[in-house]
Amino acid sequence: MWKMSRENGLVLLLLFFSSWITSATATVTYDHKAIVINGQRRILISGSIHYPRSTPEMWPGLIQKAKEGGLDMIQTYVFWNGHEPTQGQYYFEDRYDIVKFIKLVQQAGLYVHLRIGPYICAEWNFGGFPMWLKYVPGIEFRTDNAPFKDAMQKFTTKIVAMMKAERLFEPQGGPIILSQIENEYGPVEWEIGSPGKSYTKWAAAMAVGLNTGVPWVMCKQQDALIQLLIPAMDSTVKATNQITTINQKCGQKIGLVEFGATVPYRPPEDTAFSVARFIANSGSFVNYYMYHGGTNFGRTSGLFMATSYDYDAPLDEYGLPHDPKWGHLRDLHKAIKLCEPALISVDPTITSLGKNQEIGAQSTQISMIPAVSGFSWQSYNDEVPVGYGQGTFTHDGLWEQKFITWDKTDYLWYMTNVNIDQSEGFLKNGKSPFLTVNSAGHVLHVFINGQLAGTVYGSLDDPKVKFSQNVNLKAGTNTISLLSATVGLPNVGVHYDTWNAGVMGPVTLSGLNQGTLDMSKWKWSYKIGVKGEDLNLGTSAGSSSVRWAQGPQLSKKQPLTWYKTSFDAPPGNDPLALDMYTMGKGQEVFCADIYDDQPAVQNWQGIVPTKPKAHLWCPPGHTISQIKFASYGWPQGRCGYFQQGKCHAQKSWDPFQSNCLGKQSCEVVVAPENFGGDPCPGSPKKLSVEVQCS
């Protein structure tokens, strides 16, 4: 989504199609009034659900609730940097199993609008582009540039080929009735001129040449170069029928949350009124962006975008109906469908009720869910590197952060030494030197001789930061360690791929006998990431490799601190949320394991001699089809990456093979006798299991 359109809280994109880019054999067509599917005009109610922003276990429930909410179609982007994180190496598993997601939509009887892009914006890291793309020789993003067009065409062709191979386009009997090439390109084209127009024509021709059999669209394409006109308008616009147009309202753009900003809210009555007015004024295609927003897992958020992508959507971040919004819109959709034959067959007659009319609306709403608190925390303090240690390297001058890290981590250390002579005046008069560090963003922690001197951070509107304050230096060698952190990468803007991050200088130290030192071109040591990342503290093996403090020794309000806790998962299949609202920037990692004689977390005392049980289950309508991993002993790794440890019971798989295959759920008692005996007597053991549902 284009940032300039967000000021009014809700933006409705009205898409006026003067002509579709389509193939002659498509069974999805159009006329002046509506999209026509198999000869019938349709009013289509669509909602955006992005498959990587929820877990595969959530997908069936989300899709079913969308259907029960009155949707005809699910709209999703395709996430290039998730599918090709390394050039030529593709990933279509777990949250990125797009084929599985689309087939679930098909099983529910809904259509799909596939927005391939592959530029997506979406408040997603780097707008969906993989970082390796930035360093293709001679490349320039989203313009008439051969290296970029080659890469874009290769990925787009691969996605289309996958959809064809799985017979997912509508002429093949599949659910995909619309595809999108590029995204919100009109403002960029207007800025760059002729190269943008040439690129637009090329993108349209390339897409049509893939012969999907369904219409291709763009979004925010202001000119008619590709016989497509899509202006963006705010929610006050009244759609008017035109003899050669179809009107589509493409987005409920209200709920994105940026760090440091308030959480937006729009009453359900107001949303419903806008949709109803649009349909009454001859609109025929509505999409809610988002219908379920979900979560920006890991490091997938765009620049200064919050982890939550709840979006004030009808289905909340955890997949639960956000009432009264979900129910209110469901009832509206029912009413629209009851009137669909009449609404879609004639042009509207507009009657004005006059100006200055009033309407009453609910002002607020509250949802209540059970809460759990009282965790017992442990902490581990990360290290501040001091120059030439393990994993560091040295360059002359200051280097841009992404060029060094390739976005493999948010963190990059910049380190240099300053030698202070004993004759320096500030050592006697107490007037500490003044350090200035200019950074392109987004967060900067400044350490002097291993001690935190200060922190500065930017914002979405101004990501650049500047540290300026007096610092304590001693006679002799002093180490300046600068920890630069990104908060997502830009996802929108002209040439946003060229925007810098990290300490770019100048870096100066004033208040010395010789005046001001410019350290920008000095030798600087670099270290990628923080030590906890190197130790894989988010895994069981990594967590057990360090000593954690607890109780009175627990670190509080200290920089570079890792925290961990444990809790018993509550019974049932309802979504479980961990509220990290009071925490600063960081990541959270969950790992589920079952240990011998595991007691309740509340008291950590094995009061009764009952054995723990492993409970496995699949979503409704699915059964356990494969035991992908099972190990009782000292297994290592995490889901999708488990490995046997030195201690492993050879029959770990047996009880799951016999008790679980073909069932929706099962349970196995965690006891040595069930796995062929104790593989390492006298040592604590745990059980890790991974299954596949079909």
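Letter by letter, the sequence shown follows residues -26 to -1, 1 to 668 of mature numbering (1 follows the signal peptide of the UniProt record, and there is no 0).
Glycine included, each C-beta is placed from N, C-alpha and C at the ideal position.
All figures in this text were calculated on a predicted structure; none of them were measured in a lab.
*Pick helix, strand or coil for Phe75, following the three-state DSSP scheme.*
It is helical.
*asked:* Taking 7 Å as the cut-off, is the beta-carbon of Ile19 closer than that to any non-hydrogen atom of the ligand PLP?
replied: No copy of the ligand PLP appears in this structure; indeed no ligand is present at all.
*asked:* If distances are taken between C-alpha atoms only, which option among Leu590, Arg89 and Pro59 comes closest to Phe100?
replied: Pro59
*To which residues does DSSP link Asp492 through a beta bridge?*
Thr482
*Apply the 10 Å Cβ neighbour rule to Thr131 and answer buried if 16 or more other Cβ atoms are within range, or exposed otherwise.*
exposed
_For Ala280 and Phe349, believed in contact at Cβ under 8 Å, the rounded distance_ = Not quite, the Cβ-Cβ distance comes to about 22 Å (not below 8 Å), so this is no contact.
*In angstroms with no decimal places, state the Cα-to-Cα distance between Asn446 and Thr390.*
16 Å
*When DSSP labels each residue in this structure, what does Tyr64 get in the three-state scheme?*
coil
*Output yes or no for whether 8 Å exceeds the beta carbon distance between Arg27 and Val52.*
Here Arg27 is not near Val52, since their CB atoms are 8 Å or more apart.
*Cβ pair Tyr267, Tyr285 closer than 8 Å*: Here residue 267 turns out to be Gly, not Tyr, going by the sequence shown. Taking 8 Å as the Cβ cut-off, Gly267 and Tyr285 qualify as a contacting pair.
*Assuming Gly272 contacts Gln375 under a Cβ cut-off of 8 Å, what Cβ separation, rounded to an integer in Å, is found between them?*
With 8 Å as the limit, Gly272 and Gln375 do not qualify as a contact, their Cβ atoms being about 18 Å apart.
*What's the call for Gly399, buried or exposed, on a 16-neighbour Cβ count within 10 Å?*
exposed
*Could you give the DSSP three-state label for Leu203: helix, strand or coil?*
For Leu203, the predicted model reports a pLDDT of 31, less than 50, meaning its position is unreliable and no value from the coordinates is stated.
*In the DSSP assignment, what are the bridge partners of Leu434?*
For Leu434, which the question treats as bridged, DSSP gives no partner whatsoever.
*What are the boundary residues of the alpha helix (DSSP H) that Leu36 is part of?*
Trp33 to Glu42
*Where Leu491 and Gln352 are concerned, what is the direct C-alpha to C-alpha distance, given to the nearest angstrom?*
42 Å
*Figure out for me which residue from Gly424, Pro629, Ile17 and Asn255 has the closest Cα to the Cα of Ile310.*
Ile17
_Selection from Gln146, Lys123, Ser153 and Gln154 that minimises the alpha carbon distance to Pro169_ = Taking only the C-alpha atoms, the option nearest Pro169 is Lys123.
*Beta-carbon gap between Tyr263 and Pro288 smaller than 8 Å*: no
*Mark Tyr239 as exposed unless 16 or more other C-beta atoms lie within 10 angstroms of its C-beta, in which case mark it buried.*
exposed
*Sort Ile94, Glu97, Phe75 and Lys108 by Cα distance to Glu140 and report the nearest one.*
Phe75
*Between Tyr151 and Glu144, is the Cβ-Cβ spacing less than 8 Å?*
First, the amino acid is wrong: residue 151 is Ile here, not Tyr. Yes, these two residues count as a Cβ contact at 8 Å.
*Under the three-state reduction of DSSP, which class applies to Arg89: helix, strand or coil?*
strand
_Alpha carbons only, please: which of Ile253, Pro653, Asn393 and Met105 is nearest the one belonging to Leu317?_
Ile253
*asked:* I need the boundaries of the beta strand (DSSP E) containing Thr390, first residue and last residue.
replied: Tyr385 to Ile394
*Let me know if Pro655 comes out buried or exposed under the rule of 16 or more other beta-carbons within 10 Å of its beta-carbon.*
Flag for Pro655 reads exposed.
*Write down the C-beta distance between Glu664 and Phe603 rounded to the nearest angstrom, noting that I regard them as a contact closer than 8 Å.*
Contact check for Glu664 and Phe603: beta-carbon distance about 4 Å, within the 8 Å limit, so the pair qualifies.
*Considering only the beta carbon of each residue, do Leu534 and Asn355 sit closer than 8 Å?*
yes
*If we count Cβ pairs, one from each stretch, closer than 8 Å, do we get three or more for the stretch 453 to 468 versus the stretch 375 to 389?*
yes
*What do you get for Asp435, buried or exposed, if any count of 16 or more other CB atoms within 10 angstroms of its CB means buried?*
exposed
*In its own chain, which residues sit with a C-beta less than 6 Å from the C-beta of Ser484, not counting the 5 before and 5 after it?*
Phe408 and Thr490
*Taking buried to mean at least 16 other C-beta atoms within 10 Å of its own C-beta, is Leu78 buried or exposed?*
In this structure Leu78 is buried. Its beta-carbon is surrounded by 16 or more other beta-carbon atoms within 10 angstroms.
*Out of curiosity, what's the CA-to-CA distance linking Thr368 and Met478?*
16 Å
*asked:* Please tell me whether Phe129 and Trp54 are closer than 8 Å, where the distance is taken between their beta carbons.
replied: yes
_If contacts are defined as beta-carbon pairs under 8 Å, then Asp46 and Ser20 qualify, I think. What distance do you get, rounded to the angstrom?_
7 Å
*Neighbourhood of Ser529 by C-beta distance below 7 Å, restricted to the same chain and skipping five residues each side*: Ser353, Asn355, Ala523 and Thr535
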